[in-house]
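Student: I am attaching a structure below and will ask some questions about it afterwards.
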Amino acid sequence: MVVAADLLSREALLLLLLGALGSGPAALLPPCVPTVARVALAPALGLAAGSALLVTAAHLISMATAAWLVAVPGVVVSVAVAAAHVRHRPEERKPCRLRADAAAVAVLLVTVGAGFNAPLVTKDTQGPFGYNVADFAFYTSWQAALERDDVRAERHGPPWDLSAEVATTSLRSAQFQWGSTAVPASANALFDWRPSDSQSAYLVTLALVAALGAFAAIRTVAGAVLPALLGGLLAAGPVAYQLYVDSEQGALTGMALMPAAVLIALLTSRRAARPWLLLGLVGAGMLAVYPLWATALALAAAAVVAVEGLVRAHGGRLQLRFFARSAGFLTSAATVAALLSPAAIVRTVRYLHFATTDLFDREIANLNLFPRRDLPQYDLGLDFSPGWLLQTHHFYDGQGLAPWVVDIAGPIALAMLAAYGIWRFGGGWVLLVVMAISTALALYSWAANDCTHCAARALLLMESPVSIAVALGVAAVAAAKSLPPWLARTVAALAGAAILVAVASVSWSLEQKTVDADRFLSADVRALLPQLDGWRGSVHLEALEADLSATAYETPAIYAAVKDADTRVSVGAESNPGRPAGQSALLTLGRFRKDLRGPEFDPRYDLVLTPLASVENTRRTLDRRGRYALQARGRPVDALVTAGVGVAPNDRNGHVRVRGPLKIWVVADRPMDARLEVELRGRGTSRTAPAAGTRTLARAPERVVLCTPVAVSTGAARLSLALSTRPPGSRAPAESRVPGGLFLHSVHALKGGCGAAAAHPLEDTDPVRSPARPRP
Numbered sequence: 026m027v028v029a030a031d032l033l034s035r036e037a038l039l040l041l042l043l044g045a046l047g048s049g050p051a052a053l054l055p056p057c058v059p060t061v062a063r064v065a066l067a068p069a070l071g072l073a074a075g076s077a078l079l080v081t082a083a084h085l086i087s088m089a090t091a092a093w094l095v096a097v098p099g100v101v102v103s104v105a106v107a108a109a110h111v112r113h114r115p116e117e118r119k120p121c122r123l124r125a126d127a128a129a130v131a132v133l134l135v136t137v138g139a140g141f142n143a144p145l146v147t148k149d150t151q152g153p154f155g156y157n158v159a160d161f162a163f164y165t166s167w168q169a170a171l172e173r174d175d176v177r178a179e180r181h182g183p184p185w186d187l188s189a190e191v192a193t194t195s196l197r198s199a200q201f202q203w204g205s206t207a208v209p210a211s212a213n214a215l216f217d218w219r220p221s222d223s224q225s226a227y228l229v230t231l232a233l234v235a236a237l238g239a240f241a242a243i244r245t246v247a248g249a250v251l252p253a254l255l256g257g258l259l260a261a262g263p264v265a266y267q268l269y270v271d272s273e274q275g276a277l278t279g280m281a282l283m284p285a286a287v288l289i290a291l292l293t294s295r296r297a298a299r300p301w302l303l304l305g306l307v308g309a310g311m312l313a314v315y316p317l318w319a320t321a322l323a324l325a326a327a328a329v330v331a332v333e334g335l336v337r338a339h340g341g342r343l344q345l346r347f348f349a350r351s352a353g354f355l356t357s358a359a360t361v362a363a364l365l366s367p368a369a370i371v372r373t374v375r376y377l378h379f380a381t382t383d384l385f386d387r388e389i390a391n392l393n394l395f396p397r398r399d400l401p402q403y404d405l406g407l408d409f410s411p412g413w414l415l416q417t418h419h420f421y422d423g424q425g426l427a428p429w430v431v432d433i434a435g436p437i438a439l440a441m442l443a444a445y446g447i448w449r450f451g452g453g454w455v456l457l458v459v460m461a462i463s464t465a466l467a468l469y470s471w472a473a474n475d476c477t478h479c480a481a482r483a484l485l486l487m488e489s490p491v492s493i494a495v496a497l498g499v500a501a502v503a504a505a506k507s508l509p510p511w512l513a514r515t516v517a518a519l520a521g522a523a524i525l526v527a528v529a530s531v532s533w534s535l536e537q538k539t540v541d542a543d544r545f546l547s548a549d550v551r552a553l554l555p556q557l558d559g560w561r562g563s564v565h566l567e568a569l570e571a572d573l574s575a576t577a578y579e580t581p582a583i584y585a586a587v588k589d590a591d592t593r594v595s596v597g598a599e600s601n602p603g604r605p606a607g608q609s610a611l612l613t614l615g616r617f618r619k620d621l622r623g624p625e626f627d628p629r630y631d632l633v634l635t636p637l638a639s640v641e642n643t644r645r646t647l648d649r650r651g652r653y654a655l656q657a658r659g660r661p662v663d664a665l666v667t668a669g670v671g672v673a674p675n676d677r678n679g680h681v682r683v684r685g686p687l688k689i690w691v692v693a694d695r696p697m698d699a700r701l702e703v704e705l706r707g708r709g710t711s712r713t714a715p716a717a718g719t720r721t722l723a724r725a726p727e728r729v730v731l732c733t734p735v736a737v738s739t740g741a742a743r744l745s746l747a748l749s750t751r752p753p754g755s756r757a758p759a760e761s762r763v764p765g766g767l768f769l770h771s772v773h774a775l776k777g778g779c780g781a782a783a784a785h786p787l788e789d790t791d792p793v794r795s796p797a798r799p800r801p
């Protein structure tokens, strides 16, 4: 309940902040937009305005300053404009319709909020997390960097901060979608939140903004409440849920703005100036958060004007007056976008230049990240994409329904329903233009760069128009004049219920996959974090490159959470032979190096946060939660396990299985001769043969103690304890593979050589190191 209350309070404050920031632009909408629809659209308009203004400000000042110099004054001005318009706006003539709209919005907020918060509440953590992608590491590092400094800073953090390294480089790049972090960074400054605590709550807020925007669009166009509720739920369906569980903040921000862009584009057909100015506002926000989609929206706007001009032509003669007036409107929208977000326009031009040349991959190579050819490859054929975009199955092939419904019947039925809705309501063809632009961009990305990941991002542009079109189709069925009213409403209700059941089953399937994968910042780690508040020493994160099932997701989350506690973080890692070259748990934290013993490693660390809580060592355990423990270093020499072990994520007892050569660092305050004593247990000990230079101190059934001498100079000495297999009693050469059934029981780094330890294994007379500095 504590986690649920924390998430809901953060999401409510974020939604109120965005709604207040967008209340002024919402008041400028034409009178045809109902009152509740205006309120529902306000957060999306606030998101657009805030993103545009704050991304521009980020090039001059930090978000900690911009929150008070830009965001707060923007809220005051916006609320003042809204109050002035409310005073002159006539009262709602149908209070019963007003109550129905308000009830539908309440149902929408509760349903979407509960569904998106469910994985976090189930795992009793505020996040962050990632199911198949760990991009939250980028977004939290960008939030922290922007809150502290402006984009132009030489470095966004101290030398030891790996996340600051990648933040500094990527903030200056044109290809990273960091613009979506300006708003949450300013919110963190306003409410005194930490990026690692608020990132998941912000993603849920984005889903709520998308759902409210879709509700407003359908309520305005179709004039029906229940189809609008259906459209809002579809906008926060499996596609949005996929972006949420993958922490794809940039794409999810773009999707949150799309319903507002679609509605305002439909309103521009009334040939009034205000919708075009608001379109410029949304375009400025999209430029700031997702340049590719902003370019697509600009092309779509020009295409809409061209198509409408051709439709208006009489006798083969074009109406030049119409094109001249439309050009003026387009110019006004572009001017608004340029004034609100000039820096984003420059960045968009650079982005398009990079995306269409080899500069994209060259810069990615400099960052030691994935080139486009190495990004995940997806099957986006006709047997997959229609069902994915129409949400009869989710992106990771989970199916809550029968295969023939998922792949054939469902997509065909929903496509026909969407086509009927587009045909039935005037201006619906605008949705087709956006879908066509999205498809063209996807085909270009696929053909030019052989990048199906890029094509999938381009296809996401059409998700909001598709959801709106399906809901309009249900509204069109309910209003069909060819059927008796009772029959039309019954058919529409059954169709809407069937769609909701299908979409809910797909979302539930993805939620279960996410929970089962358990790639969250563990509740056990979160329980240990309060002890780090105000700690003035350094905390070392052990076993970052251990072969943990969720290491690539847990490591950046733990790093961000410990750093957010204003604590000096120490890390050291080895490359993992089980991963392709260049891949590392630290990949999203900075340039990966095989020897992480630069400023990011502090050999005088005081505390150790380790997932190997069950492994005995010379440190004193301050607190243990599940497989994680916070330990205080008590001797001048210590041992750190860096690779070769594994812990099942769901094993709270923390049994540590040996899965490869044990890679261990021996750390000392001063140069000394030391020894490393390792005790292994399990059935595999009878078949374990130590490598050259390692002595066997003790052997018993299912137990062996090994000792390796080591000379430590300054910092850390790296050891690779290569274990091999030899059948019991055999003199045959040992095989290089590690025997099965082998568990790591203890790791001790002690003073003196192995000869002094032979008689008394694991005993040491070395004086105990001064205790860690007390917490201030």
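Residue numbers (this note's numbering): 26 to 801. Beta carbons: idealized from backbone N, C-alpha and C, even for Gly.
Are the beta-carbon atoms of Ile447 and Leu439 separated by less than 8 Å?
Tutor: Result no, Cβ atoms of Ile447 and Leu439 do not sit closer than 8 Å.
Student: Suppose you measure from the CA of Thr464 to the CA of Tyr227; what does that come to, to the nearest Å?
Tutor: Distance between the alpha carbons of Thr464 and Tyr227 is about 29 Å.
Student: Nearest-angstrom Cα distance between Thr147 and Lys776?
Tutor: Cα to Cα, Thr147 sits roughly 46 Å from Lys776.
Student: Using the beta-carbon count (16 or more within 10 Å), is Val27 buried or exposed?
Tutor: Val27 comes out exposed.
Student: So Leu687 and His770 are in contact, right, with Cβ under 8 Å, and what is the actual spacing, rounded?
Tutor: Leu687 to His770, Cβ: 12 Å. No contact.
Student: Compare the beta carbon distance of Ser654 and Thr635 with 8 Å and say whether it is the shorter of the two.
Tutor: The question names Ser, yet the displayed sequence has Ala at residue 654. Taking 8 Å as the Cβ cut-off, Ala654 and Thr635 qualify as a contacting pair.
Student: Would you check if the region 181-192 and the region 85-94 touch, i.e. whether three or more CB-CB distances between them fall below 8 Å?
Tutor: Output reads no: the region 181-192 does not touch the region 85-94.
Student: I need the straight-line Cα distance from Leu525 to Val270, nearest angstrom please.
Tutor: For Leu525 and Val270, the distance between alpha carbons rounds to 20 Å.
Student: Run the CB neighbour count on Leu355, radius 10 Å, all protein chains shown included, and call it buried at 16 or more, exposed below.
Tutor: By the neighbour-count rule (16 or more Cβ atoms within 10 Å), Leu355 is buried.
Student: Just tell me which of Leu291, Ala483, Ser198 and Leu442 has its CA closest to the CA of Met280.
Tutor: Closest option to Met280, Cα to Cα, is Ala483.
Student: Between Leu33 and Ala638, what straight-line distance do the alpha-carbon atoms span, to the nearest angstrom?
Tutor: Approximately 33 Å between the Cα atoms of the pair.
Student: Kindly give me the distance between the Cβ atoms of Gln416 and Val264, rounded to whole angstroms, as I take these residues to be in contact under 8 Å.
Tutor: About 6 Å separates the two Cβ atoms, so the contact holds.
Student: Are the CB atoms of Ala239 and Ser492 nearer to each other than 8 Å?
Tutor: For Ala239 and Ser492, yes; Cβs fall inside 8 Å.
Student: Expressed to the nearest angstrom, what Euclidean distance is found between the alpha-carbon atoms of Ile86 and Asp175?
Tutor: Each residue's Cα considered, the two are about 5 Å apart.
Student: Would you list, in sequence order, the uninterrupted alpha helix (DSSP H) runs of no fewer than 4 residues that lie entirely inside the region 486-568?
Tutor: Within the region 486-568, the complete alpha helix (DSSP H) runs of at least 4 residues are 488-503, 510-542 and 548-553.
Student: Could you tell me which residues DSSP pairs with Glu702 in its beta bridges?
Tutor: Per DSSP, Cys732 and His773.
Student: Quick one: using the 10 Å Cβ neighbour count with 16 as the cut-off for buried, is Gly780 buried or exposed?
Tutor: When all chains shown are included, Gly780 counts as exposed.
Student: Cα-Cα, which of Ala236, Val730, Thr245 and Ala65 is closest to Gly452?
Tutor: Nearest option by C-alpha distance: Thr245.
Student: Quick test of your reading: Leu79 and Val95, contact by CB under 8 Å. State the CB separation rounded to the nearest angstrom.
Tutor: Right, their Cβ atoms sit about 6 Å apart.
Student: Please return the same chain residues whose Cβ sits closer than 6 Å to the Cβ of Lys588, not counting the five positions on each side in sequence.
Tutor: Contacts found: Val594.
Student: If you draw a straight line from the alpha carbon of Phe141 to that of Gln267, how long is it in whole angstroms?
Tutor: Distance between the alpha carbons of Phe141 and Gln267: 10 Å.
Student: Can Ala212 and Leu41 be called in contact, C-beta distance under 8 Å?
Tutor: In this structure, Leu41 does not lie closer than 8 Å to Ala212 by Cβ.
Student: What's the call for Leu258, buried or exposed, on a 16-neighbour Cβ count within 10 Å?
Tutor: The residue is buried, with at least 16 neighbouring Cβ atoms inside 10 Å.
Student: Would you call the CB atoms of Gly275 and Gln202 closer than 8 Å?
Tutor: Yes.
Student: Three-state secondary structure (DSSP) at Leu415?
Tutor: Leu415: coil per DSSP, three-state reduction.
Student: Determine the DSSP secondary structure at Glu641, reduced to helix, strand or coil.
Tutor: Of the three classes helix, strand and coil, the one that applies to Glu641 here is strand, per DSSP.
Student: In chain order, what residues of the same chain have a beta carbon less than 6 Å from the beta carbon of Arg645, not counting five sequence neighbours either side?
Tutor: Cβ neighbours of Arg645 beyond the five flanking positions: Ala657 and Gly659.
Student: Measuring CA to CA, which of Ser223, Val158 and Ala127 is closest to Asp31?
Tutor: Closest option to Asp31, Cα to Cα, is Ser223.
Student: Looking at the C-beta of Ala552, does it have a partner C-beta in chain D at a distance below 8 Å?
Tutor: No chain D appears in the structure shown, which is made up of a single protein chain.
Student: According to the Cβ coordinates, are Tyr315 and Ala199 closer than 8 Å?
Tutor: Taking 8 Å as the Cβ cut-off, Tyr315 and Ala199 do not qualify as a contacting pair.
Student: Which word fits His418, buried or exposed, when buried means at least 16 other C-beta atoms lie within 10 angstroms of its C-beta?
Tutor: Buried.
Student: By Cβ distance below 8 Å, which residues in the same chain neighbour Arg17 in space, the five residues on each side in sequence not counted?
Tutor: With the chain covering 26 to 801 only, the question about residue 17 has no answer from this structure.
Student: I need the DSSP call for Leu407, collapsed to helix, strand or coil.
Tutor: Residue state, collapsed to three classes: coil.
Student: Would you call Val132 buried or exposed, if buried means 16 or more other Cβ atoms sit within 10 Å of its Cβ?
Tutor: With fewer than 16 other Cβ atoms within 10 Å, it is exposed.
Student: Can you find the residues in the same chain that come closer than 8 Å, C-beta to C-beta, to Ser103, ignoring five residues on each side of it along the sequence?
Tutor: Correct list, in chain order: Ala45, Leu46, Gly47, Ser48, Gly49, Pro50, Gly71 and Ala74.
Student: With a CB to CB cut of under 8 Å and the five nearest residues on each side skipped, what residues in its chain are close to Leu254?
Tutor: Excluding positions up to five away in sequence, the list reads Ala129, Val132, Leu133 and Phe240.
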